[in-house]
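Chains as they are written, first to last, in the numbering used here: chain A, 1 to 570; chain B, 1001 to 1570.
Worksheet for the structure shown next.
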């Protein structure tokens, strides 16, 4: 097949070393961070913070118009900063018909380009997204409510690393088989039978990416880049509450595609109003062959049931739990857990909700603590962490939308409050909705109906159980039935840790043990930690691993008799 | 987690070299054959043919009773040799409840054993299946109707190689990530943050294998071994017409599992009568998490639609086509094509059905040939190939069941017959149903409704088209709509070959070009040829590639703070 002749510049050559290093990173799972997480001028340049903020401010109240983007008219502004102002940005309005037609138009040359060229283009897109980290950070902050530093890190370099990780898996997986091979089968008499074979990875087809409100880039880049690098165009359908971070990313992707000589419409933004149903309409189109989704269990399940022509990768809701058995660092445990519950107001798919502790308590280096005492100690740790409003706001960020705020109010009525959710006022953002975490005491048996639902947001339950074995049983049952993104155990007893590991393997959830220092269960590091697991109901994918990319392409072969050196057919 | 302590003997150590070589084979796609295809005493031993046949004869008319197999009572004999006698073998009757309970009972130690131990057990099973190749060959011959040599090769060593290929992919894929890693993140001040992480591949859960009548072992071993090696128990549901080849395989698998210290019920035979609906009942059980299926499009589509809790790998029906444009070896083309249509009476998922040729004809080294002339020449080539009844029977085998025979009769009425299907009498098997291929002339436009259905069996159509471009258009449309396992093109024009390659990539079918010698489109060699393609509707899997195994397991992680050398927590 015709190979793409790389235009100037050759992005693959430019990023070859990075790609090789990234593939090595996926294989050794050690620490590696290609995009510095510090929002520092020494890394990103003296003017980067200023220019990034200016670029963001400049966009407010205006139409966002990527060059040559399909569509007629605009989608009215839908984004409101959780810090209290309307973004006022409008986006191109693209109907599903227009999006499908435009996105699939350039598929031929993109397929013919091959994995190297596609990986090079993807790496260049990521490099330019990285250079735009400050602009994107502001866009993430003012759509998700994340505090600025977190918006920079999780929405910028950490998201970019998740993207590069997907590029690495997608690139490597397509190169598992050679582009060509000579097959030569010895015969009892005469010359061997010989065939020349070609092997070509071919994308499955048009991909649809349905993004979420809280992590528009971190949860989207893996699917976006996995699809793109395996040869598929991508329609990006952002959440109406968090369009801008993805709009900037799409704009950059289109610029790089065009520079490399490809159709920029291989990546399309399909913004919509909350009342539109474009995600559902697009999801069942016969042309849509791949779907990546982050969001509610309800819509994720609907996609899995109805988008049958597509492979569907979902990340839905789960019941993250902490099993408390014993500790040799009680203060560290409380500090660590209080931070986990507070970070971005618990609006992370990885935040623990159910804290399982025997009524009779646990052994600690500070002496035994009953469940009651632990609940009070946790409340104290939260107050200590969040005592200073300015510092608190830097951890909590703002409440992303009214749904979370309403749920938080409802949760305050389901049990005895251990730590009330209180409002924090931000002088510089008087309309921001900032809330401390709510912690409620529940009983493992009496309140089962309450804690076996997900309460997305700053809501956690201290659940009294009969014993650690009982806690592990609840962990097993709740994850098996409802799924989870994370599970945690605290114990000084290797037998308990081993039992928790067995439960985690049985029900298919990743486990964190005895986190008392500077690593938090919420955090999932690219190139080392797997995020989510297709092994439990909370997700149908693990970000990223080979299974996340192998369904996005097929390797096709052609074969013909080999011409031997003498010139005759064998 | 506890690691399995390998019992004597250590199968992994015994087969380590073979496994490494197999992984290399999957990667380089060159010729490699670990299990000799020749049914020769110099390879398999002086007594092997005799003993294999004796083992087969000994089983006839008796209950097949694998040691310790679950179930109550027996399934009455269902198998009739296409060569004209009843096998009279009964099998254990296992209800879906019993099968699910027994198969899942031993999953814990099998998961804990890890990929090396599981791959070693699988390789030992294959070694013993290989040693039983003669016994299995007779069982395959007298359930499928394949001639003996083909039954030996396709049902024996070639099937075993497909099995080993799946073992190699499954083993390698589970080892893409290390069992453990130290993650150490530098901090601006003080010691790095350090975590010790464990990564454990965990099987998705119980697998159901639904086998077919014509290739009970070749089409089953990939799924069986892919599931087993990735940590999953397997319920083997054979076709009622071809139980014995899989029953022998299951018996061997159970023996090896037990010797290695595992529950033999990790592999269970679920034989049934044709009127039972166990496949459908089992397929929708919540415990069944993986399904491999070979058979009708109807039931394959049903499984994909209804077995939503499982990942479903299907191989269904397709419309295999040959595009005839030109050739520099017309005699070779005719000889090769005649053999392809005759081999096992066209009862292969890879046999060409639609032969597309311009009405006005093609250029050949023997001068131009119109479509009419080509049809007559093909009929002549068939007569020449099948002129000697004894030799013909060795190529044709027997008609597998009444369904194929009836379809063959029906096909004789849909167009003008170019080559009639005639009966061949076998003196040694007077009741065998042996038929030569039927070739019918059709028109591309007028007879579209006829040739866009699959006529499984010795039925082919010479379809007159307007031009090669028209032929390629029909190839594109028919494969896109109905799928195909194979496509073929004959041309001396590199532009036509390139155009055919583009069509094949677009619609996702593997292509064979200009086969005029001793390689036939029907043939698919393990470790080099991909079989089927998830990229068109005829299959949802490619046997074997990484996508065929990655959905069968997830890699789960646990992490805890690293103990540094000084003994303190970091």
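Just so it is clear, CB atoms sit at the ideal spot from N, CA and C, and this is done for glycine as well.
Just so you know, these numbers come straight off a predicted model, no measurement behind them.
The C-beta of residue 1543/B comes no closer than 8 Å to any C-beta of chain A.
Note: residue 1085/B is bridge-paired with 1081/B in the DSSP secondary-structure output.
Interface residue (Cβ-Cβ distance to chain A less than 8 Å): residue 1244/B is not classified as such. Of the candidates 93/A, 130/A, 470/A and 86/A, the residue whose Cα lies closest to the Cα of residue 43/A is 130/A. Proximity of residue 561/A to chain B, defined by a Cβ-Cβ separation below 8 Å, is satisfied.
Restricting attention to 402/A, 254/A, 195/A and 494/A, the CA atom closest to the CA of residue 1030/B is found in 195/A. Distance check between residue 237/A and each of 207/A, 231/A, 369/A and 255/A places 207/A closest, using alpha-carbon atoms only. In the same chain as residue 329/A, and ignoring 5 residues on each side of it, the C-beta atoms closer than 7 Å to its own belong to 365 and 516, in chain order. Runs of the alpha helix (DSSP H) spanning 4 or more residues and lying entirely within the segment 1226 to 1277 of chain B occur at 1244 to 1259, in chain order. At least one beta carbon of chain B lies nearer than 8 Å to the beta carbon of residue 557/A. Here the alpha carbons of residue 221/A and residue 162/A stand approximately 7 Å from one another.
Counting C-beta atoms within 10 angstroms of its own C-beta, residue 446/A has fewer than 16 neighbours from the protein chains shown and is therefore classed as exposed. A check of alpha carbon separations from residue 1289/B across 1507/B, 1234/B and 1430/B identifies 1234/B as the nearest.
For the pair of segments examined, the segment 1175 to 1185 of chain B was found to touch the segment 1197 to 1204 of chain B: the number of CB pairs separated by less than 8 Å reaches three. Runs of the alpha helix (DSSP H) lying entirely within the segment 1322 to 1349 of chain B, each at least 4 residues long, are 1330 to 1342 in chain order.
For residue 1185/B, the residues of chain A that pass the 7 Å Cβ criterion are 31, in the order they occur in the chain. In its chain, beyond the 5 residues on either side, 122, 163, 166 and 167 have a beta carbon closer than 6 Å to the beta carbon of residue 225/A. Per DSSP, reduced to three states, the secondary structure at residue 1302/B is helical. For residue 512/A, the nearest CB of chain B lies under 8 Å from its own CB, placing it at the interface with that chain. Taking 8 Å as the upper bound on Cβ-Cβ separation, chain A lies near residues 1513, 1514, 1515, 1516, 1517, 1518, 1519, 1525, 1528, 1529, 1530, 1533, 1534 and 1535 of the segment 1513 to 1538 of chain B. The residue from 351/A, 408/A, 499/A and 283/A with its alpha-carbon nearest to that of residue 96/A is 283/A.
Here the C-alpha atom of residue 1555/B lies approximately 28 Å from the C-alpha atom of residue 457/A. Going by DSSP, residue 561/A is part of no alpha helix (DSSP H) but of the beta strand (DSSP E) stretching over 553 to 561. For the 8 Å CB-CB criterion, residue 213/A and residue 239/A form a contact.
Residue 1442/B is positioned such that its CB atom lies no closer than 8 Å to that of residue 1323/B. Distance from the Cα of residue 1295/B is smallest, within the candidate group 1076/B, 1249/B, 1219/B and 1511/B, for 1219/B. Annotation: residue 400/A is outside any beta strand (DSSP E) and is labelled neither H nor E by DSSP. For the pair residue 488/A and residue 274/A, the CB atoms are not nearer than the 8 Å cut-off. With a contact defined as Cβ atoms closer than 8 Å, residue 1052/B and residue 1147/B miss out at about 16 Å. Taking 8 Å as the CB threshold, residue 426/A stays off the interface with chain B.
Under the three-state reduction of DSSP output, residue 512/A falls in the strand class. From the beta-carbon of residue 1178/B, the residues of chain A found nearer than 7 Å are 28 and 29. By the neighbour-count criterion, in which a residue is buried when 16 or more other Cβ atoms sit within 10 angstroms of its Cβ, residue 1347/B is buried.
Here the alpha carbon of residue 334/A sits roughly 48 Å from the alpha carbon of residue 1098/B. The segment 1109 to 1123 of chain B makes no contact with the segment 1309 to 1320 of chain B, as fewer than three CB pairs between them are under 8 Å. For the set 89/A, 70/A and 39/A, the Cα lying nearest the Cα of residue 56/A is the one of 89/A.
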